[in-house]
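If you're matching positions, the sequence shown starts at 1 in full-length UniProt numbering and goes up one per residue.
Take a look at the structure below.
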Amino acid sequence: IVHSLSLGRIRFFSDSSKITDIFFFEVTPKTFDEKQDKRSSSTSRPTSSEKGVATIIFSLKNEVGGLVRALRLFQEKHVNLVHIESRKSKRRNSDFEIFVGCDTDHEQLKELTQLLRTHTDGVEITPFENSTLPDDDMAGVPWFPKKISDLDQSSNRVLMYGSELDADHPGFKDNMYRTRRKYFADLALGYKLGDPILRIDFTTEEVQTWGVVFRELHKLYPSHACKEHLKNLPLLTKYCNYSEDNIPQLEDISHFLKERSGFIIRPVAGYLSPRDFLAGLAFRVFHCTQYVRHSSDPLYTPEPDTCHELLGHVPLLAEPSFAQFSQEIGLASLGASDDAVQKLATCYFFTVEFGLCKQDGRLRAYGAGLLSSISELQHALSGKAHILPFDPAVTCNQECIITTFQDVYFVSESFEDAKNKMREFAKTIWRPFTVRYDPYTQSVDIVKDTTTINSMVKDIRHELDIVEDALNRLNKQL
1 IVHSLSLGRI RFFSDSSKIT DIFFFEVTPK TFDEKQDKRS SSTSRPTSSE
51 KGVATIIFSL KNEVGGLVRA LRLFQEKHVN LVHIESRKSK RRNSDFEIFV
101 GCDTDHEQLK ELTQLLRTHT DGVEITPFEN STLPDDDMAG VPWFPKKISD
151 LDQSSNRVLM YGSELDADHP GFKDNMYRTR RKYFADLALG YKLGDPILRI
201 DFTTEEVQTW GVVFRELHKL YPSHACKEHL KNLPLLTKYC NYSEDNIPQL
251 EDISHFLKER SGFIIRPVAG YLSPRDFLAG LAFRVFHCTQ YVRHSSDPLY
301 TPEPDTCHEL LGHVPLLAEP SFAQFSQEIG LASLGASDDA VQKLATCYFF
351 TVEFGLCKQD GRLRAYGAGL LSSISELQHA LSGKAHILPF DPAVTCNQEC
401 IITTFQDVYF VSESFEDAKN KMREFAKTIW RPFTVRYDPY TQSVDIVKDT
451 TTINSMVKDI RHELDIVEDA LNRLNKQL
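Quick look at the structure:
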């Protein structure tokens, strides 16, 4: 496939009436003839007349028309652009670096390079790449769900508990509790995507246990929980009947989250592997337990239960920015190595489960493990806990502790700050492809060829058209 490039422009009007031009590019495919097509699909190094994808980085002074003049050189040499980015130069503040991916042959590349060196600074070239990843590169990639219904294959691979309990579990010797746990496990194991989540008739004992946890945590939330958690709790009370004497139903919560952030709830019998759990997040699916901790110790549970899920996780999953953060960790895990998945899971543990953030000059908790544990929530914000800035490269090596307080907690400036750091960290994880979530089909696209990239560019163009129309209408009103 060869690509031609069309250039468009959107004008943004600021409050000061200054105009900012934002350029966007559309990649339009043209088909090779059969002989060329066979050549382009070869995995061998291109000859001087064979085309491949090369990348070029060059510097431009920050002046009007500089980029247009540089791009005209590509046009003169009949070189098709498939990707272009700009960034502030790391060498000179007055310069910009332009990153270009182009479809060309060796002879064209040589001539183009010579021209660029006479018009720009610091030309760097990387070797040719094939326009499509060979199938061999995908051979060692672990299986991962490609569409939301594939989660039916992985959601029942429970690693811990479920209907079985360890000897040190508070409910191990309680036969009635074990029977109840089996009931919840069977419900979760029988669930399929699209089924309504069965409404539970909770026992008096279960409601009382929930009530103790609910009451004690609500005493701490005003001074310990982040703003987003506090904002969404009243909404959950209104729309999902959160209260001290009522355990909310997962079906109601799933509908609520779908409208707020696009997440849905899926029942699960117990612990999933990090890979399977994170894969659910990639599709905005949160695996959620329905059972209640044992009544003998309402303020302690060795495993996630409905108190932890509904009081800790759900209020934050209703927040769009946090939901996006959670999904991006999930997307980064798809097809990654076991070691990479473990690092992502550790980052998830110290953010989504035990994360702290700064708000109004004070530390606040946003991690569900903290927001569902009275004692650890108090400890984490007592001033005695060891707290470090969130840095995924450091955090991913920290030991996760289940049975006692964490040795260290990590604080983020904001959800956006944590999200940006995780995005950069995810780029360091090796995969022979990247993935993009399609919310319309609830599936992931494997981005490993120029055809998929072209489709993405068209989607971006459509979104920019909407932005342009909105700005034009806004400008007419001013």
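Here a beta-carbon is modelled for each residue, glycine too, at the ideal position from N, C-alpha and C.
From a predicted model like this one, the values you see are computed outputs, not experimental measurements.
(request) Would you identify the three-state DSSP class for Ser321, choosing helix, strand or coil? (result) helix
(request) May I ask you to list the residues that DSSP assigns as paired with Cys287? (result) The sequence as given places His at residue 287; Cys does not occur at that position. His287 pairs with Arg266.
(message) Would the region 398 to 406 count as touching the region 346 to 358 if we require 3 or more Cβ pairs under 8 Å?
(response) yes
(request) Look up Asn241 in the DSSP assignment and say whether it is helix, strand or coil. (result) coil
(request) State the start and end residues of the unbroken alpha helix (DSSP H) segment that holds Phe74. (result) 66 to 76
(message) As a quick exercise: from Lys343, Asp449, Tyr242, pick the residue whose alpha carbon is nearest that of Cys400.
(response) Lys343
(message) By the DSSP assignment, the alpha helix (DSSP H) with Lys88 in it spans what residues?
(response) Careful: Lys88 lies outside any alpha helix (DSSP H), inside the beta strand (DSSP E) at 80 to 88.
(request) For Arg293, count neighbouring C-beta atoms within 10 Å of its own C-beta (all shown protein chains included) and say buried if the count is 16 or more, exposed if not. (result) buried
(request) Please list, in chain order, all residues of the same chain as His169 whose beta carbon is under 7 Å from its beta carbon, the five residues on each side excluded. (result) Pro302
(request) Have a look at the DSSP bridge pairing and note the partners of Gln359. (result) Arg362
(message) In the DSSP output, what is Leu60 paired with across the bridge?
(response) Phe96
(message) Need the endpoints of the alpha helix (DSSP H) that Thr403 sits in, please.
(response) It is not in any alpha helix (DSSP H) - Thr403 carries neither H nor E in the DSSP assignment.
(request) Could you tell me whether the region 436 to 448 touches the region 413 to 427, where touching means 3 or more Cβ pairs closer than 8 Å? (result) no
(request) Using beta-carbon positions only, say whether Phe410 and Thr395 come within less than 8 Å of one another. (result) yes
(message) Suppose the cutoff is 7 Å on Cβ atoms and the five residues either side in sequence are ignored; what does the same chain contact list for Glu251 look like?
(response) Pro196, Ile197, Arg199
(message) Can you list, in chain order, the residues of its chain with a C-beta nearer than 6 Å to that of Lys476? Leave out the 5 residues immediately preceding and following it.
(response) none
(request) Using beta-carbon positions only, say whether Phe322 and Phe286 come within less than 8 Å of one another. (result) no
(request) May I ask which residues mark the beginning and end of the beta strand (DSSP E) holding Leu388? (result) 387 to 389
(message) According to DSSP, is Tyr300 part of a helix, a strand, or is it coil?
(response) coil
(request) Specify, as a first and last residue, the run of the beta strand (DSSP E) that Tyr409 falls within. (result) 409 to 412
(request) Give a yes or no on contact between the region 370 to 381 and the region 455 to 468, applying the rule of three or more CB pairs nearer than 8 Å. (result) no
(message) Could you tell me which whole alpha helix (DSSP H) segments of length 4 or greater appear in the region 178 to 239?
(response) 204 to 224
(request) Count the other C-beta atoms from every protein chain shown that fall within 10 angstroms of the C-beta of Ile466, then say buried if there are 16 or more, exposed otherwise. (result) exposed
(message) Could you compute how far the alpha carbon of Gln378 sits from the alpha carbon of Val100?
(response) 52 Å
(message) Taking 7 Å as the cut-off, is the C-beta of Asn156 nearer than that to any heavy atom in the ligand NAD?
(response) In terms of ligand content, the structure shown is empty, and the ligand NAD therefore cannot be addressed.
(message) With DSSP as the reference, identify every bridge partner of Thr434, one or two as the case may be.
(response) Val447
(request) Determine the contact status of Phe184 and Phe325, defining contact as a CB-CB distance below 8 Å. (result) no
(message) Which residue marks the beginning of the alpha helix (DSSP H) containing Val394, and which one marks its end?
(response) 392 to 395
(message) Measuring straight from C-alpha to C-alpha, what distance separates Pro439 and Ser455?
(response) 15 Å
(message) Can you tell me which residues form a DSSP beta bridge with Gly101?
(response) Thr55, His83
(message) Quick check: what's the CA-CA separation for Leu81 versus Cys102?
(response) 4 Å
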